[in-house]
Amino acid sequence: MKHLLSLATLLSLSIIFFSCEKNESPVLDLEDDIYIAADKAEFDEMKPILLNVFEKEIFTPQQEKLYRVKRIDIQDIEKYQNRKNLIVAGILNNNSTCGKFIDAILNDNEVNKLKSGSSPFIKKENLWSENQLVIFLGAASMEQLKKSLEDNKDLILAEYQKITEKMLSAGIYDHRYEKKDIQGHLLKNYNFMLYVQNDFKILKENKDEDYVLLGSLNKDLSKIIFIHWMNNKSPNCLTSDSVKTIRNAFVNKINKVIGDSLKMTISVDSYSCDEVNFKGRYAIFMQGLWDYNDKDKGGPFLNYTFYDEKSKRIYMLDGALYAPGFYKKNLIKQMDMVLQSFMTGEEVSKDRRAELMDASK
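Quick note on my numbering: the sequence shown kicks off at 11 and runs consecutively.
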């Protein structure tokens, strides 16, 4: 603890710090809240940036946000030691209670990094609970703190998303429940694979038309994935407009496999396209909403389209959800992680290939 603190402040912070010893139990759950421990006046200054970072709306039929921002008092930090997402933010070297807490809990080197701006934030994983992330934001002035937060908002958001993905992956990529026979079938017949969850089955496949359609179709929750590939195509075909056109044309082709009334065409003005890196490849990432014919129903979708140099193929990976009454944010994340499990045959290890090929017999 630093001698600069008053005796009363030092005592109160010490009580808070030492009562928040490491808790071996995990955090509560995959919660949507980001708890910000900050003095009220300082929080009000930072709030517009924080809302812009964490409360982004995502494409679902209902209005949903990535996270909800909630301010807490530093004196109450012990009550939140089993929460997954925590931020402690404050001005260093002044009367900020949170600034003094940061100065007390971090070591001299870490505090100096915040003061100098050489580190925009200090992160502590599993500080008080397993699968927890606590980020400390501090600076010599409010203007510097806001600038650091604005300049590094994407990095900070990514840190919290990593923790969420880690927890989700533990539940999704469970080899006890994967459909190894389907994965082996894809590898054997098409020289690619992706993780197939236990509730999925092959709905339709067509070598001549170059696609495989996977799904888990239920009244309350349906999940649909298709892999479509185009041989001997130029990577110049990868544009936002061409990807949208190809997807709409393709889902019309597979319409009758899922249901006569289902078109799954992209809702006008309800999608976005971005250039992304898909496992080392340039890709167009599209996300948004799809519609039924009658426009009364629909759901979210994700789409990665990329060029694979070795096979000279353009691959389109698409995941769509129909989940009326469900909050869809975590369902979308799970679908995203399944799509990102895609591997060409050359990327599958020898032992894994043997395991899956054996399961497909």
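C-beta atoms are modelled at their ideal positions from N, C-alpha and C, and glycine is treated no differently.
The Cβ-Cβ distance between L213 and G225 falls below 8 Å. Per the C-alpha coordinates, the member of Q297, Y314 and W300 positioned closest to N287 is Y314. By the neighbour-count criterion, in which a residue is buried when 16 or more other Cβ atoms sit within 10 angstroms of its Cβ, D328 is buried. The beta carbon of K322 lies closer than 8 Å to those of N241, N242 and K243 in the same chain, with the five residues before and after it left out. As computed with DSSP, R291 is found in a beta bridge with F288.
Secondary structure remark: continuous beta strand (DSSP E) runs of at least 3 residues inside the region 166-229, in chain order: 211-216 and 221-226.
Between I97 and I59, the CB-CB gap reaches or exceeds 8 Å. Per DSSP, reduced to three states, the secondary structure at I264 is coil, with no helix or strand assignment. Contact between N141 and I173 holds, since their C-beta atoms are separated by about 6 Å, short of 8 Å. Setting aside the 5 residues that flank it on each side, D191 is surrounded in the same chain by A369 and S370, each with a C-beta closer than 7 Å to its C-beta; the list follows chain order.
In the DSSP annotation of this structure, the continuous segment of the alpha helix (DSSP H) that includes G109 starts and ends at T107 to I115. Checking the DSSP bridge columns, you'll see G298 partnered with Y281 and F311. For the 8 Å CB-CB criterion, E67 and K75 form a contact. Taking C-alpha positions only, Y292 is separated from K320 by approximately 14 Å. For K89, the three-state secondary structure derived from DSSP is helix. The three-state secondary structure of F236, taken from DSSP, is strand.
Shortest Cα-Cα distance from N162 to any of N95, N136, F146 and E175 involves F146. For A259, the secondary structure class from DSSP, reduced to helix, strand or coil, is helix. Note that the C-beta distance between L204 and L349 is below 8 Å. By the neighbour-count definition (other C-beta atoms within 10 Å, threshold 16), Q297 is a buried residue.
Scanning its chain for C-beta atoms nearer than 7 Å, with the 5 sequence neighbours on each side dropped, one finds around L341 the residues L331 and A333, in chain order.
By the neighbour-count criterion, in which 16 or more other beta carbons inside 10 Å mark a residue as buried, E356 falls on the exposed side. Using a Cβ distance threshold of 8 Å, F53 and R81 count as a contacting pair. Going by C-alpha positions, S158 is about 14 Å away from L102.
For the pair L312 and M345, the CB atoms are nearer than the 8 Å cut-off. One alpha carbon belongs to K229, the other to N199, and they sit about 31 Å apart. Judged by DSSP in its simplified three-state form, V79 adopts strand. Taking each of Y325, E285, Y281 and D318 in turn and checking the Cα distance to G309, the smallest one comes out for Y281.
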